[in-house]
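Asks: Mind having a look at this structure? Questions to follow.
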Amino acid sequence: MPQSPRVAWTSLALIAAALQSAPASATPTPAATFATAGPAAPAAAAPELPFTKGRIADGTTKSAVCSACHGPNGNSVNPEWPRLAGQSAVYIAEQLRLFRAAVRTNPVMQPLAATLSDQDIDDLAVYYESQTPTGLEADPSYWHDGEALYLRGDRAREIPGCIACHGPVGRGNLAAGYPALRAQQAVYVVKQLNDYASGARYGGPNPQQASRNGAMMLSIARRLTPEQIRDVASYVQGMR
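Counted from 1, the sequence shown has number 91 at position 91 by my numbering; the numbering is strictly sequential.
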């Protein structure tokens with residue numbers, strides 16, 4: 001039986017509190033660099049996941065078309081397009097399959113994804129996960145409020161800390177399919193949160209996860225104020 005919003009919020013808040021108290025290997029800063037950051041460690045069940053069939057060398061070749069928007073090595077310079085460098089291969093593969101199936105809609109991505117085979121998707125996913133995000137800076141005007149929201153949430157508005165799902169340094173949760181946020185440009189993050197809030201983006205890699213992850217983000221995004229969206233987006237842009 002699905003959890004009520006209040007029960008779900010309490011569960012996520014407890015996870016966020018536990019993660020916040022645990023030592024982190026890196027700390028987000030307003031002037032963050034990613035030169036030493038690597039992909040998140042695979043979960044124990046990773047060998048059973050489709051993306052492990054991907055080949056980085058083949059993904060390198062196939063990424064030539066993608067680089068027009070997502071930039072060399074997945075580091076997009078356009079703030080409206082997502083950075084793929086260092087993103088979870090599981091998440092990338094899932095999103096490409098959603099675009100291919102027209103579950104997630106985008107006028108550019110849908111026709112491109114429609115041409116991809118499962119092997120193409122797996123190759124691209126592992127290639128981009130293997131890449132290193134380049135350095136970005138957070139806006140110091142919004143960074144501290146964004147940090148507070150990311151780590152602790154807003155109890156009064158029943159908003160759990162983002163840390164509960166996306167981790168203390170924004171590397172995400174590979175096993176659960178939650179994406180990495182570090183190095184993602186603030187403009188893109190703002191748009192995604194607004195799209196969740198409006199219902200424009202609502203999906204997952206299968207009906208069960210679409211119900212869980214999509215509904216969770218829709219519920220959280222609708223509780224965020226425009227200022228909170230701006231603040232937390234700036235914070236994740238500057239994460240290590």
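Cβ atoms here follow ideal geometry from the backbone N, Cα and C, with glycine treated the same way.
(1) What is the DSSP secondary structure of Tyr-142, counted as helix, strand or coil?
(2) Going along the chain, which residues of its own chain have a beta-carbon closer than 8 Å to the beta-carbon of Ile-220, five neighbours each way excluded?
(3) Excluding sequence positions up to five away, which residues of its chain have a Cβ less than 7 Å from the Cβ of Asp-231?
(4) Mind checking whether the beta-carbon of Gly-74 lies closer than 7 Å to any heavy atom of the ligand PLP?
(5) For Ser-80, does the three-state DSSP call read helix, strand or coil?
(6) Assuming Glu-129 is part of the alpha helix (DSSP H), what are its boundary residues?
(7) Does the separation of the CB atoms of Ala-183 and Gly-86 fall below 8 Å?
(8) So, at 6 Å on beta carbons, what are the nonlocal neighbours of Pro-82 in its own chain, with the 5 sequence-adjacent residues on each side left out?
(9) Would you list the residues sitting across from Asn-173 in a DSSP beta bridge?
(10) For the segment 103-111 against the segment 125-142, do three or more pairs of beta-carbon atoms, one drawn from each stretch, fall closer than 8 Å, so that the two count as touching?
(11) What residue from Gly-54, Gly-214 and Lys-62 has the CA that sits closest to Leu-98's CA?
(12) Between which two residues does the alpha helix (DSSP H) holding Ala-221 run?
(13) Quick test of your reading: Ala-89 and Gly-135, contact by CB under 8 Å. State the CB separation rounded to the nearest angstrom.
(14) Have a look at Arg-152, Asn-75, Tyr-91 and Ser-76 and flag the residue whose alpha-carbon is nearest the alpha-carbon of Asn-173.
(15) Is Tyr-150 close to chain B? Criterion is C-beta to C-beta, closer than 8 Å.
(16) State the Cα-Cα distance for the pair Ala-26 and Ser-130, rounded to the nearest angstrom.
(17) Please name the residue or residues paired with Ile-159 in a DSSP beta bridge.
(18) Report the three-state DSSP secondary structure of Arg-55 (helix, strand or coil).
(19) Considering only the beta carbon of each residue, do Leu-84 and Ile-121 sit closer than 8 Å?
(20) Indicate the three-state DSSP secondary structure (helix, strand or coil) for Gly-238 in the structure shown.
(21) Using the rule of at least 16 other Cβ atoms within 10 Å of the residue's Cβ for burial, across every protein chain shown, is Val-236 buried or exposed?
Replies: With the structure as the only source:
(1) coil
(2) Cβ contact annotation for Ile-220 (same chain, cutoff 8 Å, sequence separation greater than five): Ile-159, Pro-160 and Tyr-196, in chain order.
(3) Tyr-142, Asp-145, Gly-146 and Leu-149
(4) Although the ligand PLP was asked about, the structure shown includes no ligands whatsoever.
(5) The residue you asked about is not Ser; residue 80 is Glu in the sequence shown. Coil.
(6) 118-129
(7) yes
(8) Tyr-188
(9) Tyr-178
(10) no
(11) The option with the nearest alpha carbon to Leu-98 is Gly-214.
(12) 215-223
(13) No, Ala-89 and Gly-135 are not in contact; Cβ-Cβ is about 22 Å, not under 8 Å.
(14) Tyr-91
(15) Checking the listed chains, one finds no chain B in this structure; it contains a single protein chain.
(16) Legend: pLDDT at Ala-26 = 44, less than 50; position of this residue unreliable, no value from coordinates given.
(17) Asp-154
(18) coil
(19) No, these two residues do not count as a Cβ contact at 8 Å.
(20) coil
(21) buried
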